[in-house]
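Notes follow the structure.
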Ligand SMILES: Nc1ncnc2c1ncn2[C@@H]1O[C@H](COP(=O)(O)OP(=O)(O)OP(=O)(O)O)[C@@H](O)[C@H]1O
Ligand SMILES: [Mg+2]
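In the working numbering, the protein residues as written are 7 to 325.
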C-alpha cells in the first residue's frame, strides 16, 4: 500500500510520498477552499463533493472557508484539503495509508497522555468519501496520527547525549507548538501549544500596512511576499509604488520580533534545554530574535533552509 506522509497544518498541507524508485515527491498546497463549485472553464478546476457539500480549491478568492481554528483538524474541509493535495501530488488515485498530525494541545491531554478520543475523531474524519469531479477517487485505507512539532526534531535528537535536551518550536500559520524532548526522542518532558500565536499576526500587520498604502493584495500573494521578502525583483513585480517596499521590511521585522517576544514568554517557563530547533514557516521569520532571546549558542540553534517542511520530513524519517 502507498504510504503518504502529511503535515496538515491550518494554512498549508505539506505532503511527501516516495515512488517505486525511492524518489521523494514533496508538495506544499495552501488551504484555500470555497464552499461552492467553480464554473467549469479550463477542465482543471478542482471541484470536490463530500456527501451533499461542495468545495472548490481557489487561489485568488476572498471568500475562502476559515481553516485557522482547531475545529479545522476534524472538519470536512480538512479531508478535502488532504484529498486535494493527493490529487495534486502526482500520485494516481488509489487506496493510501496516510500519516497526519494534530496540534500538541489536541494530541495530548492535561496529564500529557495521548488523547485517544481526539486521535479517533481525527481518524473518523477520513472515512467519508471525497470525490473530485471527473477524477477517480483516492480512498484512505489507514490513518496514523502524530503530534505536531516533535517529529521534526528526530535527526537532532539522535545526536544528543546524556544531559542534553532539545526544545522544538514549531511556528505555524495559526499556532505555535513547543515540545521539550530527551536524546533519541526517548522522553517528552514538557509540551505546550499556543493558540493564536503564529505567522497570521505578521500577515495581519502586513495587510494593514498594505491597506494604509493602497496596495491591497490577495492572501496568497502575502504568503509569497513573506517567503520572497529578500527578492527585490519579486517585490517590485507586485507593488504599485516601489517606495512602499522599504516600509514593508520594517513592518515584517517589527511584527516578527513581537511574535518572538510572545513565544519567549512561554519558552522561558520550560526547564533548561541545551539545543533549540525552530520549524514551521514562522521559523524563518523569527530565527534572529528567538536566538537572541533564548541566548542559545548558534552551533546548538537550528533552523533549516525551508523550515515549513521540516515536520513532514521528520514524520517520513519516523516511518
Ligand atoms: N521560508 C519562509 N519564510 C517566511 N515565511 C514563510 C516561509 N515558509 C512559509 N512561510 C509562511 O509561514 C506560515 C506558516 O506556514 P506553515 O505551513 O508552517 O503553517 P501551518 O502548518 O499551516 O499552520 P499551523 O501549524 O499553525 O496549523 C505561512 O503563512 C507561510 O506563508
Ligand atoms: Mg504546522
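For every residue, glycine included, the Cβ atom is placed at its ideal position computed from N, Cα and C.
Identity of the residues DSSP links to residue i by a beta bridge
{"i": "residue 39", "result": "63"}
{"i": "residue 152", "result": "107"}
{"i": "residue 223", "result": "DSSP output for residue 223 lists no bridge partner at all."}
{"i": "residue 174", "result": "185 and 283"}
{"i": "residue 58", "result": "According to DSSP, residue 58 bridges with nothing at all."}
{"i": "residue 195", "result": "Per DSSP, none; premise fails for residue 195."}
{"i": "residue 33", "result": "21"}
{"i": "residue 115", "result": "Bridge partners of residue 115: none, in fact."}
{"i": "residue 145", "result": "101"}
{"i": "residue 137", "result": "55"}
{"i": "residue 200", "result": "182"}
Unbroken beta strand (DSSP E) run spanning residue i, endpoints
{"i": "residue 93", "result": "Not the beta strand (DSSP E): residue 93 falls in the alpha helix (DSSP H), residues 82-94."}
{"i": "residue 316", "result": "Taken as a continuous stretch (DSSP letters only), residue 316 belongs to no beta strand (DSSP E), being part of the alpha helix (DSSP H) at 316-324."}
{"i": "residue 14", "result": "8-14"}
{"i": "residue 309", "result": "307-309"}
Extent of the continuous alpha helix (DSSP H) to which residue i belongs
{"i": "residue 127", "result": "122-130"}
{"i": "residue 213", "result": "206-218"}
{"i": "residue 293", "result": "288-300"}
{"i": "residue 161", "result": "160-163"}
Inter-residue CB distance, residue i and residue j (contact presumed, cutoff 8 Å)
{"i": "residue 85", "j": "residue 128", "result": "Contact doesn't hold; Cβ gap of about 10 Å is too wide."}
{"i": "residue 92", "j": "residue 83", "result": "Not a contact, Cβ separation roughly 15 Å."}
{"i": "residue 292", "j": "residue 177", "result": "6 Å"}
{"i": "residue 154", "j": "residue 284", "result": "Rounded, the Cβ-Cβ distance is 14 Å, inconsistent with contact."}
{"i": "residue 114", "j": "residue 197", "result": "6 Å"}
{"i": "residue 261", "j": "residue 211", "result": "4 Å"}
{"i": "residue 300", "j": "residue 257", "result": "With 8 Å as the limit, residue 300 and residue 257 do not qualify as a contact, their Cβ atoms being about 24 Å apart."}
{"i": "residue 15", "j": "residue 159", "result": "Contact doesn't hold; Cβ gap of about 17 Å is too wide."}
{"i": "residue 187", "j": "residue 172", "result": "5 Å"}
{"i": "residue 95", "j": "residue 21", "result": "6 Å"}
{"i": "residue 125", "j": "residue 108", "result": "7 Å"}
{"i": "residue 161", "j": "residue 323", "result": "7 Å"}
{"i": "residue 227", "j": "residue 205", "result": "Not confirmed; about 15 Å, so no contact."}
{"i": "residue 265", "j": "residue 207", "result": "5 Å"}
{"i": "residue 157", "j": "residue 321", "result": "5 Å"}
{"i": "residue 38", "j": "residue 65", "result": "6 Å"}
{"i": "residue 5", "j": "residue 41", "result": "Since the first residue shown for the chain is 7 and the last is 325, residue 5 is missing from the structure and cannot be characterised."}
Just list the alpha helix (DSSP H) runs in the segment 228-264, keeping only unbroken ones of 4 residues or longer that don't cross its boundaries, in chain order. Runs found: 238-244.
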